[in-house]
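Numbering (the working numbering), first residue to last: 854 to 1027.
Okay, here's the thing in structure tokens:
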């Protein structure tokens, strides 16, 4: 990247403007400033990966082969629509879960193919929700992937319909 070739310190930043004049900044790459233009193989590979990630549009269509288990694709498509219906939402597929974020993660989605269920962790205070066994669970103090204190277990479209008010509350609070 050109950032690595210039002798001055340069920070490459991706920005996003949200409603209410909020601005999110994400540091993509930084060059400490050096006359040495030779890059290691690892740095070139990282730069290439970063450039291709920036060129790819942020999309919520993650239902491609291997990303979403076949048995959960239809339910996930409906869930994805519900999670992205709240305006500016960035969908970030990570190694173990898919993050839905505004300035911070609002929801994290994990697939449980063995149980044919999707776990959604919402950034909501579990004390403000009536917990129902097998559907919602307080995750404070319990280690889990993703972020959020309230776990919602979705196994059907009916579960998603019951979860929609919780999803709305999480995004309105974000």
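Glycine included, each C-beta is placed from N, C-alpha and C at the ideal position.
Cβ-Cβ separation, residue j to residue i (assumed contact under 8 Å), whole Å
i: residue 976; j: residue 959; result: 5 Å
i: residue 1031; j: residue 935; result: Outside the shown range of the chain (854 to 1027) lies residue 1031, about which nothing can therefore be said.
i: residue 864; j: residue 880; result: 6 Å
i: residue 1026; j: residue 928; result: Going by Cβ atoms, the distance from residue 1026 to residue 928 rounds to 24 Å, so no, they are not a contact pair.
Three-state class that DSSP yields for residue i in the structure shown
i: residue 975; result: strand
i: residue 988; result: coil
i: residue 1028; result: Absent from the model: residue 1028. The displayed extent of the chain is 854 to 1027, so no value can be given.
i: residue 882; result: strand
i: residue 1007; result: strand
i: residue 1023; result: helix
i: residue 864; result: strand
i: residue 965; result: strand
i: residue 970; result: strand
i: residue 930; result: helix
i: residue 935; result: helix
Residue j beta carbon less than 8 Å from that of residue i
i: residue 942; j: residue 951; result: no
i: residue 875; j: residue 868; result: no
i: residue 871; j: residue 955; result: yes
i: residue 925; j: residue 966; result: yes
i: residue 990; j: residue 984; result: yes
i: residue 974; j: residue 999; result: yes
### Query
Is the number of C-beta pairs between the region 967 to 985 and the region 997 to 1017 that are closer than 8 Å three or more?
yes
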